[in-house]
Structure formats: C-alpha cells, structure tokens
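In full-length UniProt numbering, the protein residues as written are 1 to 152.
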C-alpha cells in the first residue's frame, strides 16, 4: 500500500532553502516593467490569467515590445552579461541568446572575426532599430530607453 511522503523535521530547513529559488523566480514576473494586472468582469473572448464565474485577472503590457527578437551574445559566468540578462527579463523582451564561452568556436569567433580580438561581451544586436553595441551599461540603458520607461 502506498505511503504518504514524510519530511523529517531536521530536513525541513534544507528543503525550504532548496525550493526558495524556484518560488522566488516564479514570482519575479511581478517585477517586469511595463505590465499591469487588472481584475475585470469576465469576458470569455479575451485571454485571462485566471478567472472565476464573474471576474477574471488580465495582464497587459503597456510598452511596445520589439517586433523581432534582440540578439545577445553572452556567456553564463560573466557578471556583466548577467546584468543584461536580468534587464531583458525585467522588460520581458524576446531574446535570442548566443552563447560565447571562453574558447567557444561558434558565436564567440563570429564576433571576434567581425570586431577583432579586443571585442568584449556582452554584445547586442537589435534588428528592430539596427543598433549594435558592447558594454553592459550601454546595453541596459538602451533597452530601457527603447523598450521600457527610460529608467533602468
């Protein structure tokens, strides 16, 4: 006969600390800029995040998203790349990530061949405005100016 799963008392802190990042990440959408959540009368012709018999929760974006995804050349271990990834997440932007790990042959070489050995990462290409740039702070300021409220 199946038994219910039981967590030993001494394992509870470890279990909570292991699940905290997933819970926090799931709730991070609250911090996305340019979105608002409204409770409205139910309308079955519209998408709703959740609904009851009379009401529905609707989320909408107030900023104009890019038509084409932005291309970001970056690598996981880079703290400057992480700042740009977080900004993209806050703005809920469609991004094509091109991984450029050290000694990477594909995308890293593509940028190094195009801009020389001194090219740094992150590097961004926006096909919507034809903007290209290096330097995380410049990229973040650009993204918030063009796709956000202008204030990173």
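For every residue, glycine included, the Cβ atom is placed at its ideal position computed from N, Cα and C.
CB of residue i within 8 Å of CB of residue j, strictly
i: residue 140; j: residue 87; result: yes
i: residue 100; j: residue 73; result: yes
i: residue 84; j: residue 122; result: yes
i: residue 133; j: residue 71; result: no
i: residue 64; j: residue 51; result: no
i: residue 119; j: residue 111; result: yes
i: residue 40; j: residue 54; result: no
Start and end residues, alpha helix (DSSP H) containing residue i
i: residue 109; result: 107-115
i: residue 145; result: 136-147
i: residue 80; result: 79-91
Limits of the unbroken beta strand (DSSP E) element including residue i
i: residue 72; result: 70-74
i: residue 121; result: From DSSP, residue 121 is part of no beta strand (DSSP E); its letter is neither H nor E.
i: residue 101; result: Per DSSP, residue 101 belongs to no beta strand (DSSP E) and is neither H nor E.
Three-state secondary structure (DSSP) of residue i
i: residue 39; result: strand
i: residue 129; result: coil
i: residue 66; result: coil
i: residue 2; result: coil
i: residue 58; result: strand
Contact belief for residue i with residue j at Cβ below 8 Å, rounded distance in angstroms
i: residue 222; j: residue 15; result: In this structure the chain extends from 1 to 152, so residue 222 is not present and cannot be described.
i: residue 147; j: residue 66; result: 6 Å
i: residue 136; j: residue 80; result: 4 Å
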